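*Asks:* The sequence shown begins at 3 in the numbering used here and counts up by one.
Here a beta-carbon is modelled for each residue, glycine too, at the ideal position from N, C-alpha and C.
Computed from a predicted model, the values in this text were never measured in an experiment.
This is the structure I want to talk about, given as structure tokens.
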Amino acid sequence: MDTFIYFLLSIAFIFLFIIGIFLAKQNGWIDVSNVLLLVIVALLYDNGILVLGKFIGEGDLLKALNELRYWLHAFVTPLLVLFAWHTLVNANIKWASKKIVQFPTLFLTLFFIIYELLSLVPNLSLEPTWKNGVLSYTKNEEGIPVMIIGVSTTLLITSIFIWWKQRWPWYFVGILSMGIVPILNFLLQIDAPHNISEFLLIVALIATKAYQQKIALIHEKPHLS
């Protein structure tokens, strides 16, 4: 069942990527919020490798492909801090555009990337694992997910500001789903809830980007007197 779920998620992420491309063309490619495209690509790759694992079989190739999953996670996921900050800028929250906020945002993003790399490199010893018909290579020991906690907290805080400023609750709902969806793991006895929650989060972030671009476009239109 998990393989089928990962397959559906892969297809869904392709559609999200297409939507993201459309939004990027609409608003311009030189836009911080477009980092979301990199996150979508990383998640598409992650789910795709989980689908193909049992067909590729155990060996150096699958191990290398799974190692790339961890590298993408380390480099790309922290970019959501930049996305979160930019939602505040797009909401015209004045203090968000000041350098006193911009520099700490960049520093926090780089900190999470470097921290993840420093914790990843010496511990990237992967072993083949079969779970619910899915073959992948995983780390034997998982420490405290400092980067994930930091990124999730940043998204949560900014989503509250966007809800307050723009009356848009779905950004917050998307973050909330990260904590609720894993209950499916207990109810359905599957290992895919985390990936499902990631998908719901990206849906919420794409929807937020589209909403903010729509609001900006309305404000840019000249009003006839």
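#1: What is the DSSP secondary structure of Pro171, counted as helix, strand or coil?
#2: Closest to Gln104 by C-alpha separation, out of Val83, Gly59 and Val53, would be which residue?
#3: Which of the three DSSP states, helix, strand or coil, is assigned to Leu128?
#4: For the alpha helix (DSSP H) containing Thr140, list its first residue and its last residue.
#5: Taking Leu128 and Val78 to be in contact with their CB atoms under 8 Å, please state how far apart those CB atoms are, rounded to whole angstroms.
#6: Starting from the C-beta of Ile150, find all residues in its chain whose C-beta is less than 8 Å away, skip the five residues before and the five after it, and write them out in chain order.
#7: Quick check on the DSSP output: the alpha helix (DSSP H) that includes Ser99 runs from which residue to which?
#8: Using beta-carbon positions only, say whether Tyr47 and Leu74 come within less than 9 Å of one another.
#9: Count the other CB atoms, across all protein chains shown, that sit within 10 Å of the CB of Asn197; report buried if there are 16 or more and exposed otherwise.
#10: Can you give me the Cβ contacts of Lys65 inside the same chain, cut-off strictly under 7 Å, excluding the 5 residues immediately before and after it?
#11: Going by DSSP, which residues form a beta bridge with Lys133?
#12: When the distance is taken between beta carbons, is Tyr173 closer than 9 Å to Thr111?
*Replies:* Walking through what the data contain:
#1: coil
#2: Val83
#3: strand
#4: Where Thr140 is concerned, there is no enclosing alpha helix (DSSP H), although the beta strand (DSSP E) it sits in stretches over Val136 to Lys141.
#5: Wrong, their Cβ atoms sit about 19 Å apart, outside the cutoff.
#6: Thr79
#7: Run containing Ser99: none; DSSP gives neither H nor E here.
#8: yes
#9: buried
#10: Leu128 and Tyr139
#11: Val136
#12: no
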